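See structure below.
Residue numbers (our numbering): 1 to 195.
Here it is, written out as structure tokens:
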């Protein structure tokens with residue numbers, strides 16, 4: 001197996017007496033599941049390639065990438081050197097842009113996601129879909145990755161009614177309920193009684 005300077009892979013198959021040539025295509029970096037509080041911003045980071053990104057692998061630049069979320073908006077850290085087909089890089093639900101690998105990765109470093117808590121008060125998950133097209137031998141296809149985003153919401157606490165206690169009278173019990181707002185499978189209700 002030999003890698004040429006343009007990223008092409010050449011494989012010598014001595015059992016079939018032929019040489020196979022593989023054409024390079026781009027690949028996507030996926031940081032994996034993200035967790036964010038409903039009222040906070042989620043900032044992606046490309047430290048040690050653990051964030052969002054794209055690799056050309058020798059595929060001709062410029063590259064194109066599409067980002068889509070369904071329950072919020074996101075903004076790029078910068079847009080220098082990028083050409084937008086969808087969105088403008090600020091507060092978009094979908095954006096498609098083209099640029100060099102370096103410019104795209106620079107823009108994705110520090111990508112900020114903002115969950116729409118007002119529109120989706122009961123939703124606890126979103127997904128960021130990233131995709132890039134490529135063409136090999138006249139056939140165009142797309143590589144896609146999904147980044148799950150877990151939305152953590154604070155527990156819901158019911159109000160405790162004020163009680164008027166006359167001097168010398170017994171204090172009646174008061175209760176309030178705390179409901180975890182995790183996931184339906186992990187939701188628990190606790191009742192605490194005080195006297």
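Don't be surprised by glycine CBs; every beta carbon is placed ideally from N, CA and C. Keep in mind that this is a model prediction, so the values were computed, not measured.
> Which same chain residues, not among the five before or five after residue 13, have their C-beta less than 8 Å away from its C-beta?
Replying inline: Here the question's residue 13 lines up with position 13 in the chain shown. Result list for residue 13: 19, 20, in chain order.
> Do residue 76 and residue 107 have their CB atoms nearer than 8 Å?
Replying inline: Here the question's residue 76 lines up with position 76 in the chain shown. Here the question's residue 107 lines up with position 107 in the chain shown. Going by C-beta atoms, residue 76 is nearer than 8 Å to residue 107.
> Thinking just about the alpha-carbon of each residue, which of 10, 91, 24, 39 is nearest to the one in residue 136?
Replying inline: Locating residue 136 in the chain shown gives position 136, counting from the first residue. Residue 24 is the option with its Cα nearest to residue 136.
> If you check the beta carbons only, do residue 98 and residue 64 fall under 8 Å apart?
Replying inline: On the chain shown, residue 98 is found 98 positions in, with the first residue counted as 1. On the chain shown, residue 64 is found 64 positions in, with the first residue counted as 1. Yes.
> Is it the case that the CB of residue 129 approaches a heavy atom of the ligand GTP more closely than 7 Å?
Replying inline: Among the ligands in the structure shown, none appear at all, so the ligand GTP cannot be discussed.
> Going by Cα to Cα distance, which pick from 61, 120, 112, 39 is closest to residue 51?
Replying inline: Taking the chain shown and counting its residues from 1, one reaches residue 51 at position 51. Residue 112 is the option with its Cα nearest to residue 51.
> Given residue 39, which residues of its chain have a CB within under 7 Å of its CB, disregarding the five upstream and five downstream residues?
Replying inline: Here residue 39 is taken as the residue at index 39 of the chain shown, counted from 1. Closer than 7 Å at the Cβ level, and outside the excluded window around residue 39, lie 117.
>> Less than 8 Å between the beta carbons of residue 133 and residue 142, yes or no?
In response: Indexing the chain shown from 1 puts residue 133 at position 133. Indexing the chain shown from 1 puts residue 142 at position 142. Contact: yes.
>> Taking only three categories from DSSP, how would you classify residue 105?
In response: Here residue 105 refers to the residue found at position 105 when the chain shown is read from its first residue. If DSSP states are grouped into helix, strand and coil, residue 105 belongs with the helices.
>> At the level of alpha carbons, what is the spacing between residue 80 and residue 124?
In response: By 1-based counting over the chain shown, the position of residue 80 is 80. By 1-based counting over the chain shown, the position of residue 124 is 124. Using only the alpha carbons, I get a separation of about 34 Å.
>> If you follow the beta strand (DSSP E) that residue 114 is in, where does it begin and where does it stop?
In response: Your numbering for residue 114 matches position 114 in the chain shown. Per DSSP, residue 114 belongs to the beta strand (DSSP E) from 112 to 115.
>> For a test of the three-state rule: what should DSSP assign to residue 134, helix, strand or coil?
In response: For the purposes of this step, residue 134 is identified with residue 134 of the chain shown, where counting begins at 1. Residue 134 falls in the strand class under three-state DSSP.
> Where residue 159 and residue 146 are concerned, what is the direct C-alpha to C-alpha distance, given to the nearest angstrom?
Replying inline: By 1-based counting over the chain shown, the position of residue 159 is 159. By 1-based counting over the chain shown, the position of residue 146 is 146. Each residue's alpha carbon lies about 39 Å from the other.
>> Quick check on DSSP: helix, strand or coil for residue 140?
In response: Translated into positions along the chain shown, residue 140 becomes position 140. The answer is strand: DSSP assigns residue 140 an E or B state.
>> Please return the same chain residues whose Cβ sits closer than 8 Å to the Cβ of residue 27, not counting the five positions on each side in sequence.
In response: Here the question's residue 27 lines up with position 27 in the chain shown. Closer than 8 Å at Cβ, skipping near neighbours: 54, 55, 57, 143.
> In this structure, what does DSSP give as the bridge partners for residue 2?
Replying inline: By one-based count along the chain shown, residue 2 stands at place 2. Per DSSP, 10.
> Quick one: what's got a C-beta closer than 8 Å to residue 49's C-beta in the same chain, skipping five residues either side?
Replying inline: The sequence position of residue 49 within the chain shown is 49, counting from 1. With a pLDDT of only 48 at residue 49, under 50, the local geometry of the prediction cannot be trusted, and the value read off the model is given with reservation. Cβ neighbours of residue 49 beyond the five flanking positions: 29.
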